[in-house]
Structure formats: structure tokens, C-alpha cells
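Engineer:
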Amino acid sequence: MNIRLVVLTLWAMCFLGIAFPLQAHAHGPRAEAEVLRPDPPRKNYRFHRRLPAAYHGYVIEVAASNYPLPRDYAVFGQFGRVYYDKVRRGGYSYVIIPDLRTRKEIERFFETVIKPRVPEARLIRYKHGMRKI
């Protein structure tokens, strides 16, 4: 066989990616065998968590009910992390914990941000897990 023909054939095969593929690509029977799974459905509701048993500080009650409220309750969508507390006399209290240091800052936040959105909201103090109204 002529050396020129061999070199030309190898060059053509390399150019077409047949003999020495330089780059991995998604062509061929293996790429077609992959199964694409759809993404799992996103949950568009937020979970409310139980208020820590020994919580000490102020909370803002945004909802109260005799029975557990569903996760897609309208008020829960307005706030980030909502906690619940099972009240002694029965029922549930749904609260948010403000990330503020002083009582004055918390009261200002309560009056300017929370009260216009949830008129029935209340500011409640917890002392070592005990609710003080």
C-alpha cells in the first residue's frame, strides 16, 4: 500500500473523528440510550416549625386557630419562617420571630410592617418557653 494513501486515509479519519476522537460528544448509540427524568415537582408552600420549647424573647403572632391550619394558608405565604406553638388552653398560635435586638425596634417593626398586613397580629413575649401576654 502506498504510504501517501495511508497517511491521507488516517488524516481523513481523524478529521471526521472516526479513528481518534479528540473530544467527547453526545453522538452515537450510547447518548441515545440515556433516560432523561423530569425534575421533581417543586413545593411552593413553606413549612411551619414548632417554636423551640425554651424560647426566650418576643414573637409576633400572625394567626391563631383552634385547629391546625393548612400549610397553604394565606398568611403563611406573606412571611418567611413561621413557627407554631400549641397553646395550653387548646388551639394553635402561629408566630414569626423578629430578628431585632431591642423591644423598641420590635414594636416599630410590628406597627409599621406587620400590623398593616395582618390587623389581628399581636406582640407576645416568651420567657423560658412560657407564654406571657
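One point on numbering: in numbering that gives the first Met the number 0, the residue at position 51 of the sequence shown is 50, and numbering is uninterrupted. Don't be surprised by glycine CBs; every beta carbon is placed ideally from N, CA and C. Every value quoted in this text rests on a predicted model; they were computed, and no experiment measured them.
1) Can you give the Cα-Cα distance for Arg36 and Asp71, rounded to whole angstroms?
2) Is His47 buried or exposed, if buried means 16 or more other CB atoms sit within 10 Å of its CB?
3) Using the Cβ count rule (16 or more neighbours within 10 Å means buried), how would you classify Ser64?
4) On a CA-only basis, which of Val74, Ala62, Gly79 and Ala73 is nearest Ile123? Give me that one, please.
5) Helix, strand or coil for Ile2 per DSSP?
6) Can you check the segment 41–82 for any beta strand (DSSP E) of at least 3 residues that lies completely inside it and give the ranges in chain order?
Structural biologist: Straight from the coordinates:
1) Going from the Cα of Arg36 to the Cα of Asp71 covers about 28 Å.
2) Buried, by the Cβ-count rule.
3) Its Cβ having fewer than 16 others within 10 Å, Ser64 is exposed.
4) When the alpha-carbon of Ile123 is set against those of Val74, Ala62, Gly79 and Ala73, the nearest one is in Ala62.
5) If DSSP states are grouped into helix, strand and coil, Ile2 belongs with the helices.
6) Runs found: 56–64.
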